[in-house]
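In the numbering used here, the protein residues as written are 10 to 201.
Built from N, CA and C at the ideal position, the CB exists for glycine as well.
Okay, so here's the structure we're looking at.
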Ligand SMILES: Cc1cc2nc3c(=O)[nH]c(=O)nc-3n(C[C@H](O)[C@H](O)[C@H](O)COP(=O)(O)O)c2cc1C
C-alpha cells in the first residue's frame, strides 16, 4: 500500500482546497491510501519559542506523519499571487530544525495542486512553491498539473462535493500519476 499524506493550505471550513483533497481521497487509485492531515494547530513560527522549548507538539506530530507517509500532497490556495502565509508558516515550522530536513522532506515525493475562485487556477502559487521544495530537497511531481480555476462553480459549496466532471477527470489523472510517481520513488529507495 502506498501512503500519501495530504495538507490543505486553508483553514476555512468551506475551503475549496480542502474540498479538492476530499475529492482526491475518493478518486485515489487502488493500492493508495490518501490521508488528510491539518495545519490548524501550528502556531506562528517564533525562533525564541523554538530555542526555549523546541518544536510545538502539533509540529512534532505532523512531522512524524510526513515521515511515515510515502508521499506528501499539498493543496495550496493562492494569495496575492503567492503562497498563503499560514501554509508557508506551517512548512517553515516543519522544516525545523534544519538538520532534520533530509529525514522529513529529503527525496520525499511531493505534489502541489490548488483551487481558486479566480481564473488563474493557482498557477502563480504553485510556481512559488518550487524554490521552497527545492530548498527542502523534495522530489517534486511535475508529470501532471491540477490548477482548478473558478472553484465556486466546480464544487457544491453546501455539500463540498466536486461536481465538475472535467475537473474530476483531471483529478483522477493527477492522482493516478502522482501515486505511480510515489510508488516508483518508494521502490527505488527500498533498494534492490
Ligand atoms: C488575501 C487573499 C489574497 C488572494 N489572492 C488571490 C490571488 O492572488 N489569486 C487567486 O486566484 N485568488 C486569490 N484569492 C482568492 C482565493 O483564491 C479564494 O479566497 C480561495 O477560496 C481560497 O482558497 P480556499 O477556498 O481553499 O480557502 C485571495 C484571497 C485572499 C483572502
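From the beta carbon of residue i, is the nearest beta carbon of chain C less than 7 Å away?
{"i": "residue 161", "result": "The question asks about chain C, but that chain is absent: this structure has only one protein chain."}
What distance in whole Å lies between the Cβ atoms of residue j and residue i, which are believed to be in contact at a cut-off of 8 Å?
{"i": "residue 25", "j": "residue 160", "result": "4 Å"}
{"i": "residue 145", "j": "residue 110", "result": "6 Å"}
{"i": "residue 17", "j": "residue 84", "result": "5 Å"}
Please tell me whether residue i and residue j are closer than 7 Å, where the distance is taken between their beta carbons.
{"i": "residue 43", "j": "residue 37", "result": "yes"}
{"i": "residue 69", "j": "residue 51", "result": "no"}
{"i": "residue 82", "j": "residue 120", "result": "yes"}
{"i": "residue 29", "j": "residue 124", "result": "yes"}
What would DSSP say about residue i, mapped onto helix, strand or coil?
{"i": "residue 175", "result": "helix"}
{"i": "residue 24", "result": "coil"}
{"i": "residue 118", "result": "strand"}
{"i": "residue 164", "result": "strand"}
{"i": "residue 34", "result": "helix"}
{"i": "residue 15", "result": "strand"}
Just the C-alpha distance for residue i and residue j, rounded to the nearest angstrom, thanks.
{"i": "residue 59", "j": "residue 65", "result": "8 Å"}
{"i": "residue 193", "j": "residue 55", "result": "37 Å"}
{"i": "residue 170", "j": "residue 47", "result": "19 Å"}
{"i": "residue 113", "j": "residue 94", "result": "21 Å"}
{"i": "residue 91", "j": "residue 61", "result": "31 Å"}
In chain order, which continuous runs of the beta strand (DSSP E) of length 3 or greater are located wholly inside the region 68 to 112? Complete beta strand (DSSP E) runs here, min 3: 80 to 84.
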